Amino acid sequence: MRASYDAVVIGSGFGGAVAACRLAQAGFSVGLLERGRRYGRGEFPRDFDKLDGWLWGNDHGLVDLKPFHQMQIVQAAGYGGGSLIYANVHLRPPPEVFAGGWPAGYSRATLDPYYDLAAYMLDITPVPENELPAKTRTLRQVAASLGRADQFCLPNLAVSFGAPGVERTNKFGAQQTGCNHCGGCIIGCNDHAKNTLDLNYLKLAEAYLADVTTQCEVWSIAPNDGGGYRVHFRSWGPGGVQEGYTDAQRVFVCAGAVSSTELLLRCRDQWGTLPKISAQLGEKYSGNGDLLAFAFDAKLPFDSCQGPTITTGLVYDKESWFILQDGGFPDGFSNLVRLLDRTGHRGAQTYGPGTAVFLAMGRDQANGSIAISPLTGELSVHWDVSSNLPLYDAQEQLASDVARALGGTVGYDPLWRLLHVPVTVHNLGGCAMGDDAAHGVTDGTGQVYNYPGLYVLDGGVLPAATGVNPSHTITAVAERAIEQIIRGWTGDARWQAPEKAAALPIVDPVSQLKIPKGGVMPTTTPPISLSLTENMKGFLMKSYADASDFAGAEKAAQDAGATAEYTIEINFTNLDQFLNAETHPGVTNGTIRVTGFTGPDGAPTRNGVFNLFVPTGNASERRMLYLLPFTGADGKPYVLDGFKDVKDHGWFDVWGATSTLYTVIREGSTRDGNVVATGIVKIHLPDFMKQMTTFRVHGTDDAGQKASAMARFGKMFLGTLWSVFVAQNPNLAL
Ligand SMILES: Cc1cc2nc3c(=O)[nH]c(=O)nc-3n(C[C@H](O)[C@H](O)[C@H](O)COP(=O)(O)OP(=O)(O)OC[C@H]3O[C@@H](n4cnc5c(N)ncnc54)[C@H](O)[C@@H]3O)c2cc1C
Ligand code: SF4
155 MRASYDAVVI GSGFGGAVAA CRLAQAGFSV GLLERGRRYG RGEFPRDFDK
205 LDGWLWGNDH GLVDLKPFHQ MQIVQAAGYG GGSLIYANVH LRPPPEVFAG
255 GWPAGYSRAT LDPYYDLAAY MLDITPVPEN ELPAKTRTLR QVAASLGRAD
305 QFCLPNLAVS FGAPGVERTN KFGAQQTGCN HCGGCIIGCN DHAKNTLDLN
355 YLKLAEAYLA DVTTQCEVWS IAPNDGGGYR VHFRSWGPGG VQEGYTDAQR
405 VFVCAGAVSS TELLLRCRDQ WGTLPKISAQ LGEKYSGNGD LLAFAFDAKL
455 PFDSCQGPTI TTGLVYDKES WFILQDGGFP DGFSNLVRLL DRTGHRGAQT
505 YGPGTAVFLA MGRDQANGSI AISPLTGELS VHWDVSSNLP LYDAQEQLAS
555 DVARALGGTV GYDPLWRLLH VPVTVHNLGG CAMGDDAAHG VTDGTGQVYN
605 YPGLYVLDGG VLPAATGVNP SHTITAVAER AIEQIIRGWT GDARWQAPEK
655 AAALPIVDPV SQLKIPKGGV MPTTTPPISL SLTENMKGFL MKSYADASDF
705 AGAEKAAQDA GATAEYTIEI NFTNLDQFLN AETHPGVTNG TIRVTGFTGP
755 DGAPTRNGVF NLFVPTGNAS ERRMLYLLPF TGADGKPYVL DGFKDVKDHG
805 WFDVWGATST LYTVIREGST RDGNVVATGI VKIHLPDFMK QMTTFRVHGT
855 DDAGQKASAM ARFGKMFLGT LWSVFVAQNP NLAL
């Protein structure tokens, strides 16, 4: 490594490879520092019985797993970054993606020439018809059987097809062979059939004399007094562990969304070397709406061990936008997949055939954040599952539709199934571009606000989820940005990548799909719902003078023998939406009997509304609301309108607060009608004990999912009571 360069590039994934290649082609001296090692042909690990070589955290291996509490992250470490273990998919997001949050100048139209350039460099193409694996043909058939043929496509892949095993020299001078469909794409292609970055962009960068140092991790960046930056690294090559630094006029941080954000956070907050980075650093993190699903025991032909890993895409565009793709795993992963199969009844050898893997990804809200604890210095990723549940729900339902159409049973990874912690391989944001420092960390060229000459060019600058697999967009954005940077730096306003002229427009498969006006067909799998049955009894006095004197009316009704009773099933028809909504609504159905209004057998009440723990504006108080419509014996419409006052009345009476319904009967079917009876109905302890046995989870046969649904409901219920009676209680000194 030299003492200084014109430009230092940190990381050799999609952003870093583009930056290093173009800067070297433009004549700048480039030092490229990559923490991982080089993987030549045949050098990717294949011993499934040992951890050696696999994990970054173990021995600086290939795969960097970051198991945060709210998000499980998978990323790569090696010369070529994510391209070494990714599933090769290159797709363009629909134009709407660029409508929100992107800085001025970004649109599908302005990016299209750079997508074309990326497509040329990475030589992308779908699997040819004559090489389609069984799973691809099956999924095409399944999409048609579900009425979704118009939303099905074969995505472009950065893979060389044709003539497996036959040597050829690619247009950048690297040796490759044709894909043999071994299914090992996500553990590194030992045949160099994948068009990984070391075989194209990085090959060119080195041809233009970029100076590459692998096994070299950058831990700090600091401005130099005379301009430019000093980059501090730790390396562990053949010479053992060494600390050092190198200087550069311009520095390109391309370590991937999470690692680039971490590096800048440490420089701003821990080392204090870059204190003026925007407060937006770490914000707008997105997992690109990733959801991993399985179909076990599929009856239609499906071999997940036949590659390439991903070969299909099924777009869902209604309230949410996402794409469901087939996945795969190498033969040696069968033991791992067996652990995920709840039935667990098959031998390790049979998990490829009959087990389908799906990866859904979509437009989440990019409302996560990456942070470093000021106390421990530990990195954390915060992800708000609840606000992204409509997307995850729709993904689960489509995955379940497809699993059933395959003749199998849907499954999810345990962390999602039981705890709703997603796993993502598509980290974005954290150093998001924005029009100014109040809205972003970097400008439209990736330059860090307040630090001229310091850039971020990788998934970290994307300010929104792409919905589709993001590498194509990361590459196109980097191509567009580096062109502008080089034009500014060289003063040559016409500079462009030498390959740009040869990069002809190509057809993107997702752009060709037909989405009906109003969106695609809804899924047929119901969402997970929860129901319970409630029985309450009490006294309601007709025409009681003071409609707000519930206790007085109750007493008068008791003396007059005017009773009231209802039995209703409360259905939370979509558990996720119920938990997420502020008013926590449920639908009620059952019977209601009120002296003087209904006959002795009562009247049906249908499609009533129940709200659990509605905020009142007072943190230590919530209300449960009931609105139960019925038709009286006189043929007129009435509603039972009641509320439970959930607050500490001073004697810590949780039971009283949650079991006492202050009730009126109104004329008509809304809360505006005249009050015609008043009183109180209550749930009695034996009925409550019975109610506890009536909880039912619908929409899944999976015992784990059922238990998880109950636990999530219980957590919300008890959590709210805790907050009302304990956390917010001024009488308790906590
Ligand atoms: C299993 C899997 C499958 C995937 N499939 C697809 C797919 O089919 N299509 C798709 O579009 N995307 C896919 N992805 C995601 C894709 O790999 C990433 O979106 C992409 O690689 C991100 O590019 P990047 O430039 O942001 O950073 P990366 O590609 O992550 O590159 C960052 C590089 O920086 C290095 N680095 C990190 N920190 C430092 C440091 N401090 N000093 C020096 N070097 C450092 C890392 O080792 C790494 O090589 C997949 C990912 C995984 C894990
Ligand atoms: S299936 Fe994947 S790993 Fe196997 S040869 Fe093809 S590209 Fe390489």
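Count along the sequence shown from 1, add 154, and you get the number used in the numbering used here.
C-beta: ideal position from N, C-alpha, C; glycine also.
Note that the structure is predicted; figures quoted are calculated from it, not measured.
- Looking at the backbone, the Cα of L219 and that of L533 are separated by about 13 angstroms.
- Between the alpha carbons of V851 and Q731 lies a gap of roughly 15 angstroms.
- Secondary structure at R262: helix, using DSSP grouped into helix, strand and coil.
- Distance from the CA of H574 to the CA of Y566, rounded to the nearest whole angstrom, comes to 10 angstroms.
- In this structure, P624 has its CB closer than 7 angstroms to one or more heavy atoms of ligand 1.
- Short note on A347: C-beta closer than 7 angstroms to some heavy atom of ligand 2.
- Residue burial annotation: Q434 is buried, with at least 16 other C-beta atoms found within 10 angstroms of its C-beta.
- The residues V228, in chain order, have a CB closer than 6 angstroms to that of V579 in the same chain once the five nearest residues on each side in sequence are set aside.
- With a threshold of 16 other beta carbon atoms within 10 Å, W876 falls short and is exposed.
- One Cα belongs to A718, the other to P769, and the distance between them is close to 28 angstroms.
- In this structure, DSSP gives Q519 a state outside helix and strand, which the three-state scheme calls coil.
- Within the chosen limit of 7 angstroms, ligand 2 reaches the beta carbon of P462 through at least one heavy atom.
- Beta-bridge annotation (DSSP): K348 is paired with V313.
- The three-state reading of DSSP puts D365 in strand, counting E and B together.
- Cβ-Cβ distances below 6 angstroms link I837 to M690, S813 in the same chain, with the five nearest sequence neighbours on each side left out; the list follows chain order.
- Per the C-alpha coordinates, the member of Q179, R200, L209 positioned closest to G190 is L209.
- In this structure, Q369 has its CB at a distance of at least 7 angstroms from all heavy atoms of ligand 1.
- Distances between the C-beta of C459 and the heavy atoms of ligand 2 are all 7 angstroms or more.
- If one requires a minimum length of 3 residues, the beta strand (DSSP E) runs lying completely within the region 723–776 are 739–748, 757–769, in chain order.
- For the pair P199 and G185, the CB atoms are not nearer than the 8 angstroms cut-off.
- I669 is the residue among I669, G858, G692 whose C-alpha sits nearest the C-alpha of D471.
- In this model, D856 and A553 are separated by some 15 angstroms (Cα to Cα).
- Not one heavy atom of ligand 1 falls within 7 angstroms of the beta-carbon of C343.
- The beta carbon of Q226 sits no closer than 7 angstroms to any heavy atom of ligand 1.
- In this structure, the alpha-carbon of V162 lies about 6 angstroms from that of F406.
- Beta-carbon to beta-carbon, P606 and A586 are separated by about 19 angstroms, too far to satisfy the 8 angstroms threshold.
- Per DSSP, P544 lies in no beta strand (DSSP E) segment; the continuous alpha helix (DSSP H) that holds it begins and ends at 543–559.
- In terms of side-chain proximity, the C-beta atom of N310 is found no nearer than 7 angstroms to any non-hydrogen atom of ligand 2.
- The alpha-carbon separation between F450 and G561 amounts to approximately 9 angstroms.
- Judged by beta-carbon spacing, V664 lies within the 8 angstroms limit of C307, meaning their Cβ atoms are closer than that value.
- In this structure, N324 has its beta carbon at no less than 7 angstroms from each heavy atom of ligand 2.
- For H346, the number of other beta carbons within 10 angstroms of its own is at least 16, and it is reported as buried.
- Rounded to whole angstroms, V243 and A861 show a C-alpha spacing of 36 angstroms.
- For the pair of segments examined, the region 511–524 was found to touch the region 544–552: the number of CB pairs separated by less than 8 angstroms reaches three.
- Going by DSSP, G394 is part of the beta strand (DSSP E) stretching over 394–407.
- With fewer than 16 other beta carbons inside 10 angstroms of its own, N284 counts as exposed.
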